[in-house]
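Colleague: Under my numbering, read the sequence shown as residues 56 to 689, first letter to last. All C-beta atoms, glycine included, are put in the ideal place defined by N, C-alpha and C.
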Amino acid sequence: MALLQISEPGQSAAPHQHKLAIGIDLGTTNSLVATVKSSMATVLQDEHGHALLPSVVRYMPDNSVVVGHEAQAQQSHDPANTIASVKRFMGRSLKDIANSAHIPYRFVDSADSGKLLQLQTRAGLKTPVEISAEILKTLKARAEKSLGVESGRGELLGAVITVPAYFDDAQRQATKDAARLAGLNVLRLLNEPTAAAVAYGLDNAAEGTFVIYDLGGGTFDVSILKLTKGVFEVLATNGDSALGGDDFDHRIYCWILDKIREGDSHFAPLGEQDTRLLLTKARQAKEWLTDNHEAQIVCRLSNGSLIDVTLSAQQFVALTQQLVIKTLTPTRKAMRDANLTLEDIKGVVLVGGATRMPQVKQAIEDYFKQTPLTNLDPDKVVALGAAIQANALVGNRSDSDLLLLDITPLSLGLETMGGLVEKIIPRNSTLPVARAQDFTTYKDGQTAMSIQVVQGERELVADCRSLAQFELRGIPAMAAGAARIRVTFQVDADGLLSVSAREQTTGIEAHVVVKPSYGLTEDEITHMLKSSFGSAEADKKARMLAEARVNAGAIISAVTIALRHDGNLITAEEKQAIEAEIEALQAISETDNAVVINQGVDKLNHATEAFAAARMNASVSRALSGKNLDSINL
Ligand code: AMP
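#1: Smallest Cα separation from Ile419: which of Ile267, Leu290, Leu257 and Asp549?
#2: Which residue spans inside the segment 170-200 form an unbroken beta strand (DSSP E) run of at least 3?
#3: For the 8 Å Cβ check, are there 3 or more pairs between the segment 297-309 and the segment 429-446?
#4: Taking one C-beta from the segment 502-522 and one from the segment 421-429 each time, how about it: are there three or more such pairs within less than 8 Å?
#5: Using 10 angstroms around the beta-carbon of Asp269, count the other beta-carbons present and answer buried if the total reaches 16, otherwise exposed.
#6: Looking at Arg243: is its Cβ nearer than 8 Å to the Cβ of Asp549?
#7: I'd like to know whether the C-beta atoms of Thr365 and Glu342 end up nearer to each other than 8 Å.
#8: Is it the case that the CB of Asp301 approaches a heavy atom of ligand 1 more closely than 7 Å?
#9: On the DSSP bridge assignment, give the partners of Thr137 in chain order.
#10: I think Ala603 touches Ile530, with their Cβ atoms under 8 Å apart; what is that distance to the nearest whole Å?
#11: What residue does the beta strand (DSSP E) around Cys354 start on, and which one ends it?
#12: Among residues of its own chain, excluding the 5 on either side of Gly407, which ones have a beta-carbon nearer than 7 Å to its beta-carbon?
#13: In chain order, what residues of the same chain lie with their CB nearer than 6 Å to the CB of Gly146, ignoring the 5 residues before and after it?
#14: Rounding to the nearest angstrom, what Cα-Cα distance links Arg598 and Gly123 in this structure?
#15: State the CB to CB distance for the pair Leu439 and Ala96, rounded to an integer number of angstroms; the pair is presumed to be in contact (CB under 8 Å).
#16: Need the endpoints of the beta strand (DSSP E) that Gln510 sits in, please.
#17: Look at the alpha carbon of Ser455 and the alpha carbon of Glu247, and state the distance between them as a whole number of angstroms.
#18: Can Ala607 and Gly655 be called in contact, C-beta distance under 8 Å?
#19: In chain order, which beta strand (DSSP E) runs of at least 3 residues are fully inside the segment 391-426?
#20: Does the separation of the CB atoms of Val241 and Ala214 fall below 8 Å?
#21: Please report how far the alpha carbon of Met472 lies from the alpha carbon of Ala665, in whole angstroms.
#22: Under 7 Å from any heavy atom of ligand 1, does the C-beta of Ala409 make it?
#23: Let me check you understand the geometry: is the CB of Glu349 closer than 7 Å to at least one non-hydrogen atom of ligand 1?
#24: Helix, strand or coil for Ala673 per DSSP?
#25: Indicate, with yes or no, if ligand 1 has a heavy atom lying under 7 Å from the CB of Met412.
#26: Expressed to the nearest angstrom, what Euclidean distance is found between the alpha-carbon atoms of Ser674 and Arg619?
#27: Mapping the DSSP letters down to three states, classify His620 as helix, strand or coil.
#28: Identify the continuous alpha helix (DSSP H) that holds Val437 and give its terminal residues.
#29: Flag Arg541 as yes when its Cβ comes closer than 7 Å to any non-hydrogen atom of ligand 1, and as no otherwise.
#30: Just the Cα atoms here: how many angstroms apart are Gln127 and Gln100?
#31: DSSP has Phe275 in a bridge; who is on the other side?
#32: I need the straight-line Cα distance from Lys142 to Ala609, nearest angstrom please.
#33: One question on the structure: do Arg85 and Pro109 come within less than 8 Å of each other, judged by their Cβ atoms?
#34: Does DSSP put Lys595 in a helix, in a strand, or in coil?
#35: Report the rounded CA-to-CA distance for Ser676 versus Arg670, giving the unit in angstroms.
#36: Is Gly709 near ligand 1, going by C-beta to nearest heavy atom under 7 Å?
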């Protein structure tokens with residue numbers, strides 16, 4: 056398999072020529088920027104000493120844009136113009152957004168931007184790409200200031216930006232577009248788990264398989280990476296897009312409410328402001344309990360009543376036990392998908408602030424029977440890895456060529472006759488990947504071919520997701536099955552797909568870069584995979600039936616054309632017998648029985664044997680007519 060070399064061998068810079076590059080963790084809740092200074096990866100801080108930039112963008116009444124802590128502070132006062140967690144909307148249409156009615160933004164499904172959604176703000180319609188670009192611009196400005204770009208100490212050559220491993224084409228493309236809009240040169244997109252592994256220097260380790268367990272504020276992702284000769288390969292990914300540290304806060308919040316109700320059974324439901332206050336207190340208590348045995352939660356509600364409760368670490372562990380267990384289900388699935396046992400795992404890397412909780416660490420340790428790697432800050436580890444990768448990509452690294460590989464989450468293929476899917480790149484293929492396959496025409500004289508690109512595990516196009524469609528025109532007219540069309544699928548290192556079709560004799564070519572108008576959620580990918588496992592038997596049957604029908608159609612069409620041209624070579628009775636078989640086959644092609652259809656094909660083949668021989672003789676004598684025996688090479 057072709058591997059992409061992504062550093063620039065032999066182009067390592069001399070120390071005085073250090074080229075400036077940054078790594079950006081564009082997170083759902085928080086974003087960070089890091090760089091490598093004096094061979095050390097470091098996260099860059101803003102002028103107030105903050106490393107984390109809340110991923111919140113506010114469009115102000117005076118047309119300015121505020122990003123980060125200041126925007127976050129105003130979120131509840133101006134929700135429609137203060138966009139948080141925009142990452143969830145990248146490359147998505149409205150129908151992809153679950154519970155959009157509960158999100159305080161005014162969504163607009165825009166026809167003219169390829170069905171991608173937009174948000175109505177006081178500054179006009181904004182796409183998630185534009186909103187993300189604001190976050191990236193802020194990080195870029197922070198980096199330029201910190202690295203001295205503004206004062207002429209060098210030029211920022213580019214950035215590595217991280218994305219979740221399960222991000223599809225549309226989401227990756229949207230991320231790249233946002234970076235470009237922010238004026239950043241994207242050196243490459245890098246999967247978040249891969250970045251975490253790089254931060255831990257696992258790329259320098261001996262060979263092995265590693266698990267990256269990422270529990271953030273709202274999402275859980277688990278990835279399994281395999282390292283071979285300095286090359287990372289993502290073996291499997293899984294997760295839960297609705298599980299994170301916030302759920303732990305919520306358990307504490309419910310516990311506080313129960314406590315209040317214990318003392319006052321007529322306690323009225325809380326208003327929005329009190330709910331927010333209690334959730335903040337719950338979050339603080341959760342974080343406090345990471346290093347302490349108990350947390351005192353004290354606050355006054357808007358009706359004047361005082362809350363004063365104490366939560367022990369033990370109680371907290373009991374309250375959240377189910378949540379911790381819940382993370383192990385996707386973990387087991389990923390292990391199963393990658394076909395691994397616990398003994399195969401060489402190390403476990405923790406990512407995401409919520410992995411600081413001791414019960415989470417303990418559960419991981421118990422499951423994997425080894426202590427996870429925790430010496431890097433779990434909030435910063437992805438940005439640090441991205442910075443190390445960026446540094447290598449601009450040629451500052453002399454020690455090794457850094458190769459990072461990812462996988463395709465779903466199979467990619469195209470539609471063939473009968474609505475069947477021919478898989479070209481199987482699921483879990485290592486990126487970058489290119490595969491070609493030859494196809495041919497179905498009809499005599501066919502001069503065009505419609506190529507539909509699909510994604511999914513099922514056998515029928517109708518059960519997969521259509522990504523794109525394009526046409527190859529100008530195929531020279533030939534007999535059915537004679538043309539050779541080579542279709543090449545290529546997925547680049549960023550996970551973007553391009554498909555080309557080339558007619559081999561004339562060299563005419565058509566090509567499409569797939570930017571699907573909307574993406575799939577992780578849950579949808581899981582659903583598509585699950586439904587393919589559950590439907591394997593039914594799919595096999597459907598495929599056999601479709602193939603039988605295609606064969607029947609092809610032979611009916613070929614024999615009908617032959618009878619039209621050469622019907623005079625056989626007797627009227629012979630011709631009638633063949634026509635009767637054609638009719639019979641046409642009728643049984645309508646049934647759902649592949650075996651009977653195949654039998655009909657055999658019968659028609661049998662009935663045309665004498666006719667085929669007569670045609671062969673006729674064409675030989677046509678070829679020989681007018682030539683003497685000596686001129687024929689026998
Ligand atoms: P991230 O999305 O990776 O920034 O993770 C944010 C989540 O980590 C939030 O739910 C935080 O409350 C949680 N978190 C941050 N610090 C701690 C801590 N010391 N103990 C427990 N959870 C924490």
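Modeller: So, from the listed chains and residues:
#1: Along the sequence shown, read from residue 1 onward, the residue named residue 419 stands at position 364. When only C-alpha atoms are compared, the closest one is Ile267.
#2: 172-176 and 179-181
#3: no
#4: no
#5: Within the sequence shown, residue 269 is the residue found at index 214, counting from 1. Result: buried.
#6: Walking along the sequence shown from the start, residue 243 turns up at place 188. Walking along the sequence shown from the start, residue 549 turns up at place 494. The answer is yes: Cβ separation under 8 Å.
#7: As a working mapping, residue 365 is identified with position 310 in the sequence shown. As a working mapping, residue 342 is identified with position 287 in the sequence shown. In this structure, Glu342 does not lie closer than 8 Å to Thr365 by Cβ.
#8: Position 246 of the sequence shown holds residue 301. Yes, the Cβ of Asp301 comes within 7 Å of a heavy atom of ligand 1.
#9: Taking the sequence shown and counting its residues from 1, the one referred to as residue 137 is at position 82. For Thr137, which the question treats as bridged, DSSP gives the partners Arg113.
#10: In the sequence shown, the residue the question calls residue 603 occupies position 548. In the sequence shown, the residue the question calls residue 530 occupies position 475. Not quite, the Cβ-Cβ distance comes to about 26 Å (not below 8 Å), so this is no contact.
#11: As a position in the sequence shown, residue 354 is number 299, starting the count at 1. Segment Glu349 to Arg355, the beta strand (DSSP E) holding Cys354.
#12: Counted from its first residue, the sequence shown places residue 407 at position 352. Same-chain partners within the cutoff: Asp269, Leu270, Gly271 and Pro433.
#13: As a position in the sequence shown, residue 146 is number 91, starting the count at 1. Excluding residues within five positions, the ones whose Cβ falls inside 6 Å are Ala225, Gln226, Ala229 and Gly574.
#14: As a working note, residue 598 is residue 543 in the sequence shown. As a working note, residue 123 is residue 68 in the sequence shown. If I take the Cα positions, the gap works out to 53 Å.
#15: What you label residue 439 is simply residue 384 of the sequence shown in a count that begins at 1. What you label residue 96 is simply residue 41 of the sequence shown in a count that begins at 1. Separation of the CB atoms of Leu439 and Ala96 is rounded to 4 Å, and the pair is thereby assigned contact status at 8 Å.
#16: Locating residue 510 in the sequence shown gives position 455, where the first residue counts as 1. Note, Gln510: beta strand (DSSP E), Ala503 to Gln510.
#17: The residue labelled residue 455 in the question sits at position 400 within the sequence shown. The residue labelled residue 247 in the question sits at position 192 within the sequence shown. With a pLDDT of only 47 at Ser455, under 50, the local geometry of the prediction cannot be trusted, and the value read off the model is given with reservation. About 21 Å.
#18: Looking up residue 607 in the sequence shown gives position 552. Looking up residue 655 in the sequence shown gives position 600. Yes, they are a contact pair.
#19: 400-406
#20: Taking the sequence shown and counting its residues from 1, the one referred to as residue 241 is at position 186. Taking the sequence shown and counting its residues from 1, the one referred to as residue 214 is at position 159. Yes.
#21: Taking the sequence shown and counting its residues from 1, one reaches residue 472 at position 417. Taking the sequence shown and counting its residues from 1, one reaches residue 665 at position 610. So the two alpha carbons sit approximately 29 Å from each other.
#22: For the purposes of this step, residue 409 is identified with residue 354 of the sequence shown, where counting begins at 1. Under cutoff, so the answer is yes.
#23: Here residue 349 corresponds to residue number 294 of the sequence shown, with the count starting at 1. Incorrect: Glu349 has no Cβ contact closer than 7 Å to ligand 1.
#24: For the purposes of this step, residue 673 is identified with residue 618 of the sequence shown, where counting begins at 1. Note: Ala673 maps to helix in three-state DSSP.
#25: On the sequence shown, position 357 is the one that residue 412 refers to. Yes, ligand 1 has a heavy atom inside 7 Å of this Cβ.
#26: In the sequence shown, the residue the question calls residue 674 occupies position 619. In the sequence shown, the residue the question calls residue 619 occupies position 564. Rounded to whole angstroms, Ser674 to Arg619 spans 15 Å at the Cα level.
#27: Indexing the sequence shown from 1 puts residue 620 at position 565. For His620, the three-state secondary structure derived from DSSP is helix.
#28: Within the sequence shown, numbered from 1, the residue matching residue 437 stands at position 382. First-last of the alpha helix (DSSP H) with Val437: Val436 to Leu448.
#29: As a first step, residue 541 is located in the sequence shown; it is residue number 486 there, counting from the start. No - ligand 1 has no heavy atom lying nearer than 7 Å to the Cβ of Arg541.
#30: Counting from one through the sequence shown, the residue named residue 127 turns up at place 72. Counting from one through the sequence shown, the residue named residue 100 turns up at place 45. Cα-Cα distance, rounded: 18 Å.
#31: Position 220 of the sequence shown, counting from 1, holds the residue named residue 275. According to DSSP, Phe275 bridges with Leu270 and Asp295.
#32: Locating residue 142 in the sequence shown gives position 87, where the first residue counts as 1. Locating residue 609 in the sequence shown gives position 554, where the first residue counts as 1. Each residue's Cα considered, the two are about 49 Å apart.
#33: Taking the sequence shown and counting its residues from 1, the one referred to as residue 85 is at position 30. Taking the sequence shown and counting its residues from 1, the one referred to as residue 109 is at position 54. Before going further, note that residue 85 is Asn rather than Arg in the sequence given. Annotated as proximal: Asn85 and Pro109, with beta-carbon spacing under 8 Å.
#34: For the purposes of this step, residue 595 is taken as the residue at position 540 of the sequence shown. The answer is helix: DSSP assigns Lys595 an H, G or I state.
#35: For this step, residue 676 is matched to residue 621 along the sequence shown. For this step, residue 670 is matched to residue 615 along the sequence shown. Near 10 Å, if we compare the C-alpha coordinates of Arg670 and Ser676.
#36: Residue 709 lies beyond the range of the chain shown here (56 to 689); nothing can be said about it.
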